[in-house]
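For the sequence shown, numbering that gives the first Met the number 0 gives the first residue as 0, with consecutive numbering after it.
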Amino acid sequence: MRLRPYVPLVFVLAAGCGPGRAAPPDPAHLDAVARRYVVLGLSLGRHDPNYVDAYYGPDSLRSVAAADSMSVSDVRAAAESLIAILGDSAPAYTDSLVTLRHRYLRVQLGSMAARARMLGGERLTFDEEAQALYDVVPPHYGEAHFDSLLAQLDTLLPGRGQLAERYQRFRDRLMIPGAKVDTVFKTAIAACRARTLAHFPLPPGERFDLEYVKGTPWNAYNWYKGGYRSLIQVNLDFPIPLDRAVDLACHEGYPGHHVYNALLEQALVRGRGWVEISMYPLFSPQSLIAEGTANFGIDMAFPPAERVAFERDSLFSLAGLDPSLAARNAAVRRIVEGLNYARNEVARRYLDGQLDAAGAREMMRRYWLITPDAAAKTLRFIDTYRSYVINYNLGRDLVAAWVERTGGDVVAARWNAFHALLSAPHLPGDLR
Ligand SMILES: [Zn+2]
């Protein structure tokens, strides 16, 4: 029963893509691969509850996955069979978007097979895992790099005590009082949405619901539900610093995850009937685009100077905080963004067995300047999501460089480039 869908599939693709045929391949042949890809992804999700981040496609494919009841090794073998059918490179379709589709299915299936191998017990190094799951090689940074960033931060935060204490005291002055969190967030979300809408239209009826939660390994999460709707959850385990409002509103909402999912649904699922896009596998190359655009989306909606002005003139007073901190906080944040790569280094050394849990927490406190509680929480995140951490900073930097190369200094051209990235099945290879 498990083999049922791919026997005819081999035939139709071989007939369409075989050597010696002058006519371009029939793009409709990819529909069968796409359906099987979704079933395999849903099947893997039955073994790995974090694998399928979103699925809003047909219930019938979920039923097939349930009926097939595949093991992880079955999924791996089936994914590799589909890869063999697709070949190493996409043929020349008449429609370049279909070429992207072919390649998307091929690369996503490679990552799915790797995730299945990992779930089956195969051990990969951090760098091998990043390459296999996200199709990128993360850079390495030594202590000297982070020490130089800490030295820059030191000059911005003069005073008594260790730098970590001074940084924490500064951040403590930015914490939003609990009763003001919802108002500050909703104000930030409205501003991010308006700034996105100023550059491109959003699908009709799009919206998201906002919920506050505790006890999760992440700080915030966008759960895309289909129909241009999301549920965005914000974790309240720790007080939230003011600049997280714009960060989260852009990253999870506009023009980040919510918009990315809604535009893909509009253009590809509804516009083209491409079922594979209705399933978003978290541990896959698509996540580098998703996290990279979500993080660079903050800079798209709020270029640095405009962000300082908005936070100073609107959010600080809404939260009852001192607006004179806004500019200095922006300078501090720029350096701390560089320190975000320390999390990758901690994750690499910890997952490769070069640091134990205590050593990992200590290195995070030293180079990421976080409190012991936050370091413990970050380690929980790394235990769950592993090399996924690279998608945030490396993804952001790759997307930033690509948008800047493509759009230059012209604001409208940069937004066009960003929109193109959000509404087609792009992968990390496109950013290189
Ligand atoms: Zn994200």
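Note that CB positions come from ideal geometry on N, CA and C, so glycine has one too.
{"Query": "Beta-carbon distances below 6 Å to any heavy atom of ligand 1 define the shell here; list its residues in chain order, please.", "Result": "His250, His256, Glu290, Ala293"}
{"Query": "Report the three-state DSSP secondary structure of Val409 (helix, strand or coil).", "Result": "coil"}
{"Query": "In chain order, what residues of the same chain lie with their CB nearer than 7 Å to the CB of Asn294, ignoring the 5 residues before and after it?", "Result": "His250, Tyr391, Gly394, Arg395"}
{"Query": "Look at Val63 and Ala115 and say whether their C-beta atoms are less than 9 Å apart.", "Result": "no"}
{"Query": "Anyone know if the C-beta pair for Arg397 and Val212 falls short of 9 Å?", "Result": "The question names Arg, but residue 397 in the sequence shown is Leu. It is not a contact, given that the beta carbons lie outside the stated cut-off."}
{"Query": "With distances taken from CA atoms, which of Ile381, Met299, His257 is nearest Tyr279?", "Result": "His257"}
{"Query": "Let me know the alpha helix (DSSP H) ranges lying completely inside the stretch 112 to 148, each 4 residues or longer, listed in chain order.", "Result": "125 to 133"}
{"Query": "For Gly291, report the span of its beta strand (DSSP E) as first-last.", "Result": "Looking at the DSSP string, Gly291 is not in any beta strand (DSSP E); the run it does join, the alpha helix (DSSP H), is 285 to 300."}
{"Query": "My output table needs one value for Asp87: the three-state DSSP class, helix, strand or coil.", "Result": "coil"}
{"Query": "Measure the C-alpha to C-alpha separation of Ala423 and Ala266 and round it to an integer number of angstroms.", "Result": "8 Å"}
{"Query": "Check for me: the beta strand (DSSP E) holding Trp222 runs from which residue to which?", "Result": "219 to 225"}
{"Query": "What's the call for Pro303, buried or exposed, on a 16-neighbour Cβ count within 10 Å?", "Result": "exposed"}
{"Query": "Below 6 Å CB to CB, which residues in the same chain sit around Asp208 once its five sequence neighbours on both sides are set aside?", "Result": "Leu230"}
{"Query": "Give a yes or no on contact between the stretch 138 to 153 and the stretch 332 to 346, applying the rule of three or more CB pairs nearer than 8 Å.", "Result": "yes"}
{"Query": "Does the count of Cβ pairs from the stretch 29 to 41 and the stretch 69 to 86 closer than 8 Å reach three?", "Result": "yes"}
{"Query": "Take Leu152 and list the residues in its own chain whose beta-carbon comes closer than 6 Å to its own, dropping the five residues that flank it on each side.", "Result": "Ile334"}
{"Query": "If I measure Cβ to Cβ from Gly319 and keep anything under 7 Å in the same chain, skipping five residues before and after, which residues do I get?", "Result": "Pro176, Lys179"}
{"Query": "Would you kindly report the start and end of the unbroken alpha helix (DSSP H) that includes Ile231?", "Result": "Segment 228 to 234 is the beta strand (DSSP E) holding Ile231; no alpha helix (DSSP H) there."}
{"Query": "Just the Cα atoms here: how many angstroms apart are Asp246 and Pro24?", "Result": "44 Å"}
{"Query": "Which full runs of the beta strand (DSSP E) of 3+ residues lie inside the stretch 26 to 72, going along the chain?", "Result": "51 to 54"}
{"Query": "Measuring alpha carbon to alpha carbon, tell me which of Val183, Tyr92, Val268, Ser386 ends up nearest Leu281.", "Result": "Ser386"}
{"Query": "Which whole-angstrom value is the C-beta distance of Phe433 and Met299, which I expect to be below 8 Å?", "Result": "This structure cannot settle anything about residue 433, because the visible part of the chain is limited to 0 through 431."}
{"Query": "Would you kindly work out how many angstroms separate the C-alpha atoms of Gln161 and Leu149, rounded to a whole number?", "Result": "11 Å"}
{"Query": "Would a C-beta distance cut-off of 9 Å place Pro203 and Val97 closer than the cut-off?", "Result": "no"}
{"Query": "Name, in chain order, the residues that DSSP records as bridge partners for Tyr211.", "Result": "Val233"}
{"Query": "Is the beta carbon of Phe125 sitting closer than 9 Å to the one on Ala359?", "Result": "no"}
{"Query": "Tell whether a beta-carbon distance below 9 Å holds between Ala412 and Gly406.", "Result": "yes"}
{"Query": "May I have the straight-line CA-CA distance separating Ala131 from Leu287, to the nearest angstrom?", "Result": "12 Å"}
{"Query": "Any idea if Leu426 is buried or exposed, counting beta-carbon neighbours within 10 angstroms, 16 or more meaning buried?", "Result": "buried"}
{"Query": "What residue range does the alpha helix (DSSP H) around Tyr166 cover?", "Result": "162 to 171"}
{"Query": "Roughly how many angstroms lie between the CA atoms of Tyr166 and Val268, to the nearest whole one?", "Result": "46 Å"}
{"Query": "Should Thr383 go down as buried or exposed, given a rule of 16 or more other Cβ atoms within 10 Å for buried?", "Result": "exposed"}
{"Query": "Quick check: Ala65 and Arg35, are their CB atoms within less than 9 Å of each other?", "Result": "no"}
{"Query": "In the structure shown, what three-state DSSP assignment does Tyr279 receive?", "Result": "strand"}
{"Query": "Whole angstroms are fine: how far does the CA of Arg327 sit from the CA of Leu156?", "Result": "9 Å"}
{"Query": "Would you decide whether Gly158 is buried or exposed? Buried here means 16 or more other CB atoms lie within 10 Å of its CB.", "Result": "exposed"}
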